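Using this note's numbering, you'd call the opening residue of the sequence shown number 87 and step up by one each time.
Right, one structure below, let's go through it.
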Amino acid sequence: MNDNSYDLLVIGAGAAGSTAASTAAEMHKRVGLIEVDKLGGTCLNYGCDPTKSLLQIATMLHRSRHAQRYGLSIPEATFDWRRVQDYIQSVVTRIRGGTPKQASRSLKQQGIDVFHAHATFTSPHTVSVEGQTLYADRIIVATGTSTRCPPVKGLQEVGYITNKEAVYLPQLPASLAIIGAGPLGLEFAQLFQRFGVQVTVLEHNTQLLKKEEQELADQLGDILRAEGIQIATGVELERIEHAPNTRKRLVYREENGQKQFEVDEILLATGRKPDLDELNIEAAHIDSTEKGISVDATLRTSVPHIWAAGDITGGYQFTHVASDQGHLAANNAFATTPQPFTDQAIPWVTYTDPPLAHVGQTEAELRAEGKRYKVARLSFEKVERAITNGRTAGTLKILADEHGNIFGGHILGEQADDLLAQIILAMKTGISVQTLAQTILPYPTLSEAVRWTADRFS
């Protein structure tokens, strides 16, 4: 095998691509990994990790400002945005395993050749990288997604930022409009509001977080509005214009007619599109749709020796799914009998404070399918540990059939993202609500909320 030939080429070094490359390297395959941006992809560099750090800092700031309810007297909390940014960078560096050069060196030590450049297919087996042609017996495409820009008049001319810029702003704007009220939009809304930015959120749909249980999504909306965030749903954004003093004017229409307001900056949180620019998948004869690259149950594309993994497949756009798919795609690429990707019990989390988490189906989905189900719900106001913590906002819901088989679990409340693990495991292994209700858990803990909710089925 010559220097430009590989057992496996992986295009994209995010969660899916990095996992795929490492998995193949562990099988002692010759692996090439191509990444045009930073190693680690969107999640590590511009998404999950830096935003969670920002949310944590914003939450500490918020709670310190409301400490008097606990009998504490804390001088007015302030922050140094530059030092906050330094901390965010240190978090990203630590998770990456060092600087970008150190991360590349670590991959090289695993036997992975790293190319920092665009990748362009020139045939089903060859990829052009910085003027050289790389050959591979097998290829995995894991290029991820990027922000989808809506066709709003004036948006391109006036300008906007995406999550890539939002996490590393050199200074905070006084006011911010966020277009889109999905998980990303609401997380940014809360963290920036807590840092003193006046935030307005515009959402085309009438419901926030349309894939969540509506009852809990509405509760979260009330919590965010109580913090001062302006949220308008069911709106049609008509145009964006330049305003005096370098501000930006948004003109939108809602049920009561046309409205407008001005802000210092606009953040797009309007969904994602597949990152296929410059990849030239046509040269490799790879089928795709507007959602991404088409794959079968084993993540194989229309070309037998090419697989795709992660967000680029148009499915669940979560890091935990991307990593799992990257591992599976690499194994399947060299397997005699490829295994299917199992999407049973995939968890969703919106990392607001409190977080909103769910696994499985919502009531609306069950009704649409004509399924008979029972509902058990528990307010966090009834959970002793939530009371001792002074954090009683939220509700836990479990949906199950008459035999106790769980259809879905939905939690809005303190540590909902961690509490969901009990329900994920129950759904994955077939544990019934009766078994959850009979499981003794330490008192007082938030984990008891799941047990007491399950107990309400009896």
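Note that CB positions come from ideal geometry on N, CA and C, so glycine has one too.
Since the structure is predicted, the reported quantities are computational estimates derived from the model, not experimental observations.
By the criterion of a C-beta distance shorter than 6 Å, K514 is surrounded in its chain by A431, once the five residues flanking it on both sides are discounted. In the DSSP secondary-structure assignment, A355 is not bridged to any residue.
The beta-carbon separation of G266 and E327, rounded to 20 Å, does not stay under the 8 Å limit for a contact. Between S139 and V200, the C-beta gap is not smaller than 9 Å, which leaves the two residues out of contact. In the DSSP assignment, Q279 falls within the alpha helix (DSSP H) that extends over P269 to R280. Taking every protein chain shown into account, the CB of K187 has fewer than 16 other CB atoms within 10 angstroms, so this residue is exposed. Per DSSP, Q142 is not a residue of any beta strand (DSSP E); the alpha helix (DSSP H) it occupies stretches across C134 to R151. Of the residues T438, A419 and L498, the one whose Cα lies closest to the Cα of L270 is T438. Under the 10 Å beta carbon count, K334 is surrounded by 16 or more other beta carbons and is classified as buried.
A direct Cα-Cα distance of roughly 14 Å separates A144 from P441. A distance below 8 Å between beta-carbons, with the five flanking residues on each side excluded, links E488 to the following residues of its chain, in chain order: R458 and K460. Annotation for Y92: the continuous beta strand (DSSP E) segment containing it runs S91 to I97.
Uninterrupted alpha helix (DSSP H) stretches at least 4 residues long and entirely within the stretch 148 to 230 occur at 167 to 182 and 186 to 195, given in chain order. With 16 or more other Cβ atoms inside 10 Å of its own Cβ, A419 counts as buried.
Three or more beta-carbon pairs separated by less than 8 Å are not found between the stretch 463 to 477 and the stretch 409 to 427, which leaves the two stretches without contact.
According to DSSP, residue pairing for A419 in a beta bridge does not occur.
DSSP places I432 in the coil class of the three-state scheme, outside both helix and strand.
By DSSP's assignment, H496 forms a beta bridge with H444 and K483. The shortest C-alpha to C-alpha distance from L272 to any of A502, L294, P528 and Q344 is the one to L294. Rounded to whole angstroms, the separation of the alpha carbons of L119 and L220 is 11 Å. By the neighbour-count criterion, in which 16 or more other beta carbons inside 10 Å mark a residue as buried, S209 falls on the exposed side. 9 Å or more divides the Cβ of V469 from the Cβ of Q508.
K239 sits in a strand when the DSSP states are folded into three classes. By alpha-carbon distance to L353, the top candidate from Q501, T248, T206 and Q195 is T248. One thing to note: L365 has its Cβ no nearer than 9 Å to the Cβ of V170. Contact annotation: the stretch 243 to 259 does not touch the stretch 98 to 106, with fewer than three C-beta pairs closer than 8 Å. In this structure the stretch 513 to 530 lies against the stretch 479 to 497, because at least three pairs of beta carbons, one per stretch, are closer than 8 Å.
By the neighbour-count definition (other C-beta atoms within 10 Å, threshold 16), P259 is a buried residue. With respect to the C-alpha of N90, the residue from Q218, I97 and P530 having the closest C-alpha is Q218. Cβ contact annotation for P426 (same chain, cutoff 8 Å, sequence separation greater than five): A383 and T384, in chain order. T448 places its beta carbon 9 Å or farther from that of K250. In its chain, beyond the 5 residues on either side, A479 have a beta carbon closer than 7 Å to the beta carbon of I309.
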